[in-house]
Structure formats: structure tokens, C-alpha cells
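Count along the sequence shown from 1, add 78, and you get the number used in this note's numbering.
Each residue gets a CB set at the ideal place from its N, CA and C atoms; glycine is no exception.
No experiment lies behind these values; they were computed from the predicted model shown.
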Amino acid sequence: MRLVWIATVLIWAGGLFWFFAPTVPRFLGGDRVTVLLLGVDQRTGPGGNREPTRTDVMTLITYDFATGRGGTLAIPRDLYVTIPGVKDSQGRDLQDRINTAYFWGSARGLPGGGPALAKATVGRALGVAVDHYARVDFAGFVKAVDAVGGVEVDVPRRLVDTQFPKDDDSGVQTIVFEAGRQRLDGRRALQYVRTRNVDDDFGRNARQQQVLQALRQKALSVEAIPQLPTLFAALGDSLHTDVSTVTFARLALALRNADSGQIVNGRIDENAARQTTLPDGAQVLIPSPDELQRAVRGVFN
């Protein structure tokens, strides 16, 4: 019930996913606040236990209350970085894909679990302070999109993925998205942001930002108002965050006057990370330090 109430306040203030942006207004201490938005495929294993999982979507969201400026930075899941506090078989700091940090934090039982290690890993890799996290599972994402009647996206070209996993993980299926503007329901929107066999991590990040922006716009629209109760219910058990209810509520007031023109949507692209094949055959993205920092500064400055 607490999460439902939070969602109610925040959607009225600034949109379904945009409410993850700022989390501590200046009068609560600190001008800039940064939140790591995590999209996870939370599975239930044998005996009903939740299995440690990797994050499929990672987006850093920052807002500066002193300037009224903020931004989002989509993080490629294959970015190859140091996972702080985790050692490899040789006793060295583990080098792995950035999306495994959540898994390692949960699997190793580290303090704060997956969310804490994900925040620490992203902060170390990008050179920024990550204050909070907000985690949404895929089931909640699908329900939220359906609750507002779907989202409108402009697919830049025809996309065909013949290896997309089936919903029950019993094999693979072929999914197709024709080029052009179209409305996606929750299931199709999830496929659109998750498919990676049609291009690469960079293209996938662009699609994720596209859908999140469309979802924010739809959640704020007048026609979505009758669906808000359903939307709140969909978020109930799917949203987990370390941001307090009081902070969320106070933020809602500040967000009413947020100027969308002051928000920058950034990505870590091919200039900031190069695709490399490791000796074991794994394909990862190796950060280019100078270009990576340029991408970060483009959002944080």
C-alpha cells in the first residue's frame, strides 16, 4: 500500500518513470541527486525462492536543484568494468559486464545486496556519486504500459529478431517490428527495449530511452487519468527503492515546475566504448576513458 501511495503522488507530479530523477531536494541537503534506475527480470527458482538476477536495463538519472537542470544516461549492459568488492579466482578485483554487479551483490550476500553493489559499480565506472536506486521488474513494466493504453514509438527501421526468448524460457521465437510510428502494448514494448540481436547494445539503449520517454508522456496525458488506479496497482510489488516516502512526496511539489527543456538525454555510444572479444569468446564493451567522461559530463554538467 505504501508503494501505491508513492506512485500516486509521483505520477501526478512528473510521470511514471521520470519520478526516479531527483530524490532529495535542496532543502533536505545537497543540490544534486543521482538515482540508478534498474530494470530486472526477477525470476522465481525452485521452492519459490527468488534467484539472483542481472539487470537488463540500467539508466542513470540526475537532477540539480540549484540549477533546475538534469539528465539521463543510458548505460550499456556489456560495459566491461571493475566490480568493487568482488574477487576473481586469482584474488584480483573482478572484471565483468556492468550488468552483473546486481547479480554478484545478491549472490555473494554483500551488504545492501544487488542494489548497493550496482550503485557502487556504476559510480566507480563513471566517476559520479550514485545516491539512490529504483528497481522495476519486467512484469510491472508490462502492466504499467498496458494500464495507460500502450506507448507510441517511431521505429526507425524494420527490426527482425529470430532468437528472442519465449516468455516461459522454453526456447526462442521470432519477433518483428515494422518501420514507422506505432503503438506498442506492454508485452511488445518490453520486447522492443530488450531485443539485442537486431543491432547492438548502443541501439538497444536508444530504444530504451525512446520507450521511457514515451511512457512518461503517456502517463501525463489527460486520457491516461482514468487508468491511473490500474497503473498504481501494477507498480505495487514491482517497484523497489531506497528513497523515503517523505522525500518522494516533497519532491513531487518541486517537479510540478520542472522544465523539460533543461533535461539532457545522454548515451554511452561507440566513441565512449569499443566492442572487444575476450579470450574466452565473450563480447564486451571496453570503456574509452576520455570519451566516457565526455559522455558523463554532457549529462552532469
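* To do: With distances taken Cα to Cα, identify the nearest neighbour of E230 among N349, K244, A267, G339.
  => Position 152 of the sequence shown holds residue 230. Minimum Cα distance to E230 is reached at A267.
* Asked: Between which two residues does the alpha helix (DSSP H) harbouring G148 extend?
  -> Counted from its first residue, the sequence shown places residue 148 at position 70. If you look at G148, you'll find it isn't in any alpha helix (DSSP H); it sits in the beta strand (DSSP E) that goes 147–152.
* **Neighbour-count burial assignment, L293, 16 or more Cβ in a 10 Å radius** => Mapped onto the sequence shown, residue 293 falls at position 215. It counts as buried.
* Residue from G339, T133, D278 with nearest C-alpha to A194 -> Residue 194 sits at position 116 when you count from the first residue of the sequence shown. Comparing Cα positions, the closest option is T133.
* Proximal residues to P154 (C-beta, below 7 Å), its chain only, five neighbours per side dropped -> Here residue 154 refers to the residue found at position 76 of the sequence shown. Excluding residues within five positions, the ones whose Cβ falls inside 7 Å are D279, F280, N283, I346, A351, L363.
* **Secondary structure of N343, DSSP reduced to three states** => One-based indexing of the sequence shown puts residue 343 at position 265. Strand at N343.
* **7 Å Cβ shell around P367 - same chain, five flanking residues per side excluded** => Within the sequence shown, numbered from 1, the residue matching residue 367 stands at position 289. Within the same chain, and ignoring the five residues on either side of P367 in sequence, no residue has its Cβ closer than 7 Å to its Cβ.
* Work out the CA separation of F143 and R186 for me, nearest whole Å. => Within the sequence shown, residue 186 is the residue found at index 108, counting from 1. Within the sequence shown, residue 143 is the residue found at index 65, counting from 1. Between R186 and F143, the C-alpha separation is close to 36 Å.
* Just the C-alpha distance for G264 and D277, rounded to the nearest angstrom, thanks. => The sequence position of residue 264 within the sequence shown is 186, counting from 1. The sequence position of residue 277 within the sequence shown is 199, counting from 1. Going by the C-alpha atoms only, they are around 22 Å apart.
* To do: Could you tell me the boundaries of the beta strand (DSSP E) in which R213 lies?
  => Within the sequence shown, residue 213 is the residue found at index 135, counting from 1. From DSSP, the beta strand (DSSP E) with R213 extends over 210–215.
* Asked: Any idea what DSSP makes of G169, helix, strand or coil?
  -> In the sequence shown, the residue the question calls residue 169 occupies position 91. Coil, per DSSP.
* Asked: Is G190 close to chain B, meaning its C-beta is less than 8 Å from at least one C-beta of that chain?
  -> The structure shown contains no chain B; it holds only a single protein chain.
* **From V233, Q353, R213, residue whose alpha carbon lies closest to that of V321** => Taking the sequence shown and counting its residues from 1, one reaches residue 321 at position 243. Comparing Cα positions, the closest option is R213.
* Asked: Using the rule of at least 16 other Cβ atoms within 10 Å of the residue's Cβ for burial, across every protein chain shown, is D269 buried or exposed?
  -> Taking the sequence shown and counting its residues from 1, the one referred to as residue 269 is at position 191. It is Gln, not Asp, that sits at residue 269 in the sequence shown. Taking all protein chains in view, the Cβ of Q269 is crowded by 16 or more other Cβ atoms within 10 Å, so the residue is classified as buried.
* Near V238, what residues of its chain come up, given a Cβ to Cβ distance below 6 Å and the 5 sequence neighbours on each side ignored? -> Residue numbering aside, residue 238 sits at position 160 when the sequence shown is read from its first letter. V254.
* To do: Flag this pair as yes or no: are the beta carbons of V118 and V374 separated by less than 8 Å?
  => Sequence index remark: in the sequence shown, residue 118 carries index 40 (1-based). Sequence index remark: in the sequence shown, residue 374 carries index 296 (1-based). Contact: no.
* In or out: T319 buried (at least 16 other Cβ within 10 Å) or exposed? -> Within the sequence shown, the letter at position 241 stands for residue 319. Residue environment: T319 is assigned as buried (16 or more neighbouring CB atoms within 10 Å of its CB, all protein chains considered).
* To do: Use the C-beta contact count for R110: other C-beta atoms within 10 angstroms, 16 or more gives buried, fewer gives exposed.
  => Sequence index remark: in the sequence shown, residue 110 carries index 32 (1-based). Counting Cβ neighbours within 10 Å, R110 comes out buried, since at least 16 surround it.
* Output the boundary residues of the alpha helix (DSSP H) element that contains A203. => On the sequence shown, residue 203 is found 125 positions in, with the first residue counted as 1. Unbroken alpha helix (DSSP H) run through A203: 191–204.
* **Burial state of D315, where buried means 16 or more other Cβ atoms lie within 10 Å** => By one-based count along the sequence shown, residue 315 stands at place 237. By the 10 Å Cβ count, D315 comes out exposed.
* **Local Cβ density within 10 Å of V250, reported as buried at 16 or more and exposed below that** => Along the sequence shown, read from residue 1 onward, the residue named residue 250 stands at position 172. The residue is exposed, with fewer than 16 neighbouring Cβ atoms inside 10 Å.
* **Residue from Q361, G190, G344 whose Cα sits closest to the Cα of T137** => Working through the sequence shown from its first residue, we reach residue 137 at position 59. Of Q361, G190, G344, the residue nearest in Cα terms is G344.
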